[in-house]
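J.: If you read the sequence shown in the numbering used here, its first letter stands for residue 2, the second for the next number, and so on. The beta carbon of each residue, even a glycine, is placed where N, CA and C say it ideally should be. Next up is a structure, given as structure tokens.
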Amino acid sequence: MTEILTLVLSAVAVLVSVVAVLYSRNQTGVAAAQLQLAQQIRREGAEPYVMADIVPQRGGSGLLMFRIENVGPTLARDVQLTVSPPFQGGESEEWDQRLARVVARKIAVLPPRRHIEWHFAFGPRLFENSSLPRQYTVTVTAAGPFGPVEPLTYVIDLDAIDASAIERGTIEASLAKIADHTKVLGNIPRGISSVAEALRERGDA
Numbered sequence: 002m003t004e005i006l007t008l009v010l011s012a013v014a015v016l017v018s019v020v021a022v023l024y025s026r027n028q029t030g031v032a033a034a035q036l037q038l039a040q041q042i043r044r045e046g047a048e049p050y051v052m053a054d055i056v057p058q059r060g061g062s063g064l065l066m067f068r069i070e071n072v073g074p075t076l077a078r079d080v081q082l083t084v085s086p087p088f089q090g091g092e093s094e095e096w097d098q099r100l101a102r103v104v105a106r107k108i109a110v111l112p113p114r115r116h117i118e119w120h121f122a123f124g125p126r127l128f129e130n131s132s133l134p135r136q137y138t139v140t141v142t143a144a145g146p147f148g149p150v151e152p153l154t155y156v157i158d159l160d161a162i163d164a165s166a167i168e169r170g171t172i173e174a175s176l177a178k179i180a181d182h183t184k185v186l187g188n189i190p191r192g193i194s195s196v197a198e199a200l201r202e203r204g205d206a
């Protein structure tokens, strides 16, 4: 009986040891995975992040600009863009070809918060032409402090750009100019009164 009890206890001890080893290995694997994840997050947080989009130009001009910007915290090097299909803004074939050449040129450095814009099209005219592409896929490759970063792909949907927003911006800019002209016109009577007063004083003298 004593021998049986001893064997049972030995078996339990071995089982506990095996469980402890497996648990230890599991904890080691979890710790390694957490460390790897933390390193990946730290690395990604220190990499450049170059975004690409087509946006209305500020000021209400109605122009659409192709814009890239490094929104990451570090310098982006060897920035390369590929656009599919090639840009067609409807201005002229010559301009589209020129834009394609400029966009395809590698950008040596793009500092944090730096952006570059190229004239793409005049919005109202582009939206009137239904034969022009409405979607473009832009892929951005670049290098950061740790070497090449993962390529970023953007699908630019021109139909998502509200044409009324472009028109509203144009109207706002026009209203601002009208307000400036109104201010000038409002000062004219005051100026005339001043001149009349000066002439009256000279006549009295």
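What three-state label does DSSP hand Ser85 in the structure shown?
T.: strand
J.: Kindly confirm or deny that the region 98–114 and the region 128–137 touch, where touching means at least three C-beta pairs closer than 8 angstroms.
T.: Taking 8 angstroms as the limit for Cβ pairs, the verdict is that the region 128–137 does not touch the region 98–114.
J.: Verify whether the separation of the beta carbon atoms of Leu65 and Gly124 is less than 8 angstroms.
T.: yes
J.: Cutting at 8 angstroms between CB atoms, please list the residues of its own chain near Lys107, excluding the five before and the five after it.
T.: Asp79, Val80 and Gln81
J.: Measure the alpha-carbon distance for Gly170 versus Gln58 and round it to whole angstroms.
T.: Reliability fails at Gly170, whose pLDDT of 46 lies under 50, so the model's placement of it is uncertain and the value that follows must be treated cautiously. Cα to Cα, the separation comes out at about 9 angstroms.
J.: Would you decide whether Ala143 is buried or exposed? Buried here means 16 or more other CB atoms lie within 10 Å of its CB.
T.: buried
J.: Report the partner residues of Thr138 according to the DSSP bridge assignment.
T.: Ser85 and Val156
J.: I need the straight-line Cα distance from Val139 to Pro152, nearest angstrom please.
T.: 10 angstroms
J.: DSSP three-state label for Ala101, please.
T.: helix
J.: Thinking C-beta only, is Asn71 closer than 8 angstroms to Arg126?
T.: no
J.: Rounded to the nearest angstrom, what separates Gln89 and Arg26 at their Cα positions?
T.: 58 angstroms
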